[in-house]
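Q:
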Amino acid sequence: VVRDGAWDPAQCRLVASAASTALAALRDPATGEASLAALHPAAEDLLGAAAYAAVAAMAARLTDIANECAAPSPDRTIESHNGRGGLRYRPAGALLTHVLGRADAVEVALGPGGEGGAARHGYWSAHVDKANVAEYDVSCVLYLSTQESDFGGGAFAFLEPDGSQSVVAPRAGRALLFG
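According to the working numbering, the sequence shown is numbered sequentially starting from 44.
Below is the structure:
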């Protein structure tokens, strides 16, 4: 599901600005990437009270969107959708992440020539969220900034069963929900 306008652009800018400052101190020296457990109480000290409150409100709104998408229909019940007797989705966590797209990302992750060094899989690697965290029935990406006006690259590619890709461009306030 792609939902434009999932969050207010002014709130996106507030959180993006606070996250930029907070993540600067957490950057991986090899890749420049950083993540912050955004709903953890310690994140309030890093983000500031206003941005931390905005992140909590974002998580609640995105949970509402996930539950709207999972609402019962004649051919699908919540019970059959999530297998938990009709319990609604709830946040299992939230990350603020800054990903740097690099032409040499594979070399940085695996070492020169793709050999040697410890293998590292970045957010840009193909993966299945639920395979990493069993509670991730639905994953969500909320963009805080817009491709081309704020940064280059950053498109999200869904790998389809036939090997093709469906690509979604980042736009502030745009949410991607998938499971």
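Positions of the beta carbon are idealized from the N, C-alpha and C atoms, including for glycine.
How is the beta strand (DSSP E) around residue 218 delimited, first residue to last?
A: That run of the beta strand (DSSP E) goes 218–221.
Q: In terms of alpha-carbon separation, which member of 190, 55, 81, 182 lies closest to residue 66?
A: For the residues 190, 55, 81, 182, the minimum Cα distance to residue 66 belongs to 81.
Q: Note down the Cα distance separating residue 77 from residue 203, rounded to an integer number of angstroms.
A: Straight-line Cα distance between these residues: approximately 28 Å.
Q: Which stretch, first to last residue, makes up the alpha helix (DSSP H) that contains residue 187?
A: Looking at the DSSP string, residue 187 is not in any alpha helix (DSSP H), and its letter there is neither H nor E.
Q: Hey, residue 218 and residue 108 are a contact pair by Cβ (cut 8 Å); roughly how many whole angstroms apart?
A: About 6 Å separates the two Cβ atoms, so the contact holds.
Q: Quick one: using the 10 Å Cβ neighbour count with 16 as the cut-off for buried, is residue 181 buried or exposed?
A: Looking at its Cβ environment, which holds 16 or more other Cβ atoms inside 10 Å, residue 181 is buried.
Q: In whole angstroms, what is the alpha-carbon distance linking residue 89 and residue 59?
A: Between residue 89 and residue 59, the C-alpha separation is close to 13 Å.
Q: Quick check: residue 139 and residue 57, are their CB atoms within less than 8 Å of each other?
A: No; because the gap between Cβ atoms is not below 8 Å, this pair is not in contact.
Q: Under 8 Å, do residue 106 and residue 72 count as touching if we go by C-beta distance?
A: Their beta carbons are not under 8 Å apart, which means residue 106 does not touch residue 72 by this criterion.
Q: Once you ignore the five residues that flank residue 62 on each side, which residues in its own chain have a CB closer than 6 Å to its CB?
A: Closer than 6 Å at the Cβ level, and outside the excluded window around residue 62, lie 139.
Q: Following the continuous beta strand (DSSP E) through residue 80, name the residue where it begins and the one where it ends.
A: Unbroken beta strand (DSSP E) run through residue 80: 77–80.
Q: In terms of DSSP beta bridges, what is residue 46 paired with?
A: Looking at the DSSP assignment, residue 46 forms a beta bridge with 218.
Q: Kindly indicate the opening and closing residues of the alpha helix (DSSP H) around residue 58.
A: Start and end: 52–67.
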